[in-house]
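Trainee: There's a structure below that I have some questions on.
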Amino acid sequence: MSSTPAFLAPLTLAPRSAAFRTNAIARPALVGRHRRARNAVLHQQRLTIRAAEPAVPVEVIDETFENEVLKTSETLPVLVDFYAEWCGPCKLVAPLMDWAAAEFDGQLKVVKIDTEKNERFVNDYTIRGLPTFAVFKNGTAYGLREGAMGKAELERYITEYMAA
1 MSSTPAFLAP LTLAPRSAAF RTNAIARPAL VGRHRRARNA VLHQQRLTIR
51 AAEPAVPVEV IDETFENEVL KTSETLPVLV DFYAEWCGPC KLVAPLMDWA
101 AAEFDGQLKV VKIDTEKNER FVNDYTIRGL PTFAVFKNGT AYGLREGAMG
151 KAELERYITE YMAA
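Residue numbering for the sequence shown follows full-length UniProt numbering, beginning at 1 and increasing consecutively.
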């Protein structure tokens with residue numbers, strides 16, 4: 001009689017037939033072990049996928065403006081969205097700010113400033129309508145633009161002032 005390899009131990013050949021039969025005790029444990037191992041790998045992959053947080057616009061207030069916008073703009077362009085909670089077009093553009101933060105992650109920082117809570121910016125940057133956008137480079141605001149815009153127009157606006 002030949003010795004059966006360990007990985008074939010649960011399977012035996014019936015003496016008078018060519019059919020295989022399984023050892024009923026070993027198989028469920030073997031399947032369960034593989035299922036748990038596979039589920040552990042899938043769970044680890046899901047955790048890894050969730051670990052990468054998408055870039056989102058940063059909410060800036062008067063006290064953090066200098067550090068978040070002016071100092072950052074010396075090394076990285078900063079897109080500023082001046083908005084208000086009650087502004088309808090501002091709400092329509094909000095998802096585009098999320099898109100811009102993710103799309104230009106590492107090339108551009110996106111920040112939002114609520115003009116109702118931070119009124120000094122209305123006078124400092126002569127904001128007459130909302131939403132108003134500006135790209136800051138080296139501490140200076142370029143391309144002040146008022147009004148909502150679509151995705152293609154926003155992308156053109158960003159790339160134009162990033163290159164300038």
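Backbone N, C-alpha and C fix where the C-beta goes; we use that ideal spot for every residue, glycine too.
Less than 7 Å between C-beta atoms, sequence neighbours within five positions excluded: which residues of the same chain meet that for N138?
Mentor: Here residue 138 corresponds to residue number 138 of the sequence shown, with the count starting at 1. Answer for N138: S73, E74, listed in chain order.
Trainee: DSSP puts F136 in a beta bridge; with which residues?
Mentor: Residue mapping note: residue 136 aligns to position 136 of the sequence shown, counting from 1. F136 is bridged to V78, A141.
Trainee: Following the continuous alpha helix (DSSP H) through E155, name the residue where it begins and the one where it ends.
Mentor: To locate residue 155, count along the sequence shown from 1; it is residue 155. Its alpha helix (DSSP H) spans residues 151–163.
Trainee: Around the Cβ of G150, are there at least 16 other Cβ atoms within 10 angstroms (buried) or fewer (exposed)?
Mentor: The count along the sequence shown starts at 1 and reaches residue 150 at position 150. So G150 ends up on the exposed side.
Trainee: Report buried or exposed for A26, applying the criterion of at least 16 other Cβ atoms within 10 angstroms of its Cβ.
Mentor: Counting from one through the sequence shown, the residue named residue 26 turns up at place 26. Residue placement at A26 is flagged as unreliable, the pLDDT there being 48, under the threshold of 50; a coordinate-derived value is accordingly withheld.
Trainee: Suppose you measure from the CA of E155 to the CA of F82; what does that come to, to the nearest Å?
Mentor: Your numbering for residue 155 matches position 155 in the sequence shown. Your numbering for residue 82 matches position 82 in the sequence shown. About 17 Å.
Trainee: How is the beta strand (DSSP E) around K112 delimited, first residue to last?
Mentor: One-based indexing of the sequence shown puts residue 112 at position 112. Residue range 109–114 is occupied by the beta strand (DSSP E) that includes K112.
Trainee: Within its chain, find whatever has a CB closer than 7 Å to the CB of A148; leave out the 5 residues flanking it on each side and keep chain order.
Mentor: Looking up residue 148 in the sequence shown gives position 148. Counting only Cβ-Cβ distances below 7 Å, and skipping sequence neighbours, we find P89, L92, V93, P131.
Trainee: For K112, which of R120, Y125, A84, R145 has the nearest alpha-carbon?
Mentor: On the sequence shown, residue 112 is found 112 positions in, with the first residue counted as 1. It is A84 whose Cα lies nearest to the Cα of K112.
Trainee: Report the three-state DSSP secondary structure of V69 (helix, strand or coil).
Mentor: Counting from one through the sequence shown, the residue named residue 69 turns up at place 69. Annotated three-state conformation of V69 is helix, per DSSP.
Trainee: Report the CB separation of Y125 from A141 in whole angstroms; it is logged as a contact under 8 Å.
Mentor: The residue given as residue 125 occupies position 125 in the sequence shown. The residue given as residue 141 occupies position 141 in the sequence shown. With a Cβ gap of about 6 Å, Y125 and A141 count as contacting.
Trainee: According to DSSP, what are the bridge partners of V60?
Mentor: Sequence index remark: in the sequence shown, residue 60 carries index 60 (1-based). V60 is bridged to I113.
Trainee: Note down the Cα distance separating E66 from V135, rounded to an integer number of angstroms.
Mentor: Here residue 66 refers to the residue found at position 66 of the sequence shown. Here residue 135 refers to the residue found at position 135 of the sequence shown. Cα-Cα distance, rounded: 14 Å.
Trainee: When the Cα of F104 is compared with those of E153, A164, V56, which residue comes out closest?
Mentor: What you label residue 104 is simply residue 104 of the sequence shown in a count that begins at 1. Looking at the Cα atoms, V56 is the closest of the given residues.
Trainee: Can you check DSSP and say which residues form a bridge with E146?
Mentor: Counting from 1 along the sequence shown, the entry for residue 146 is found at position 146. DSSP lists T132 as partners of E146.
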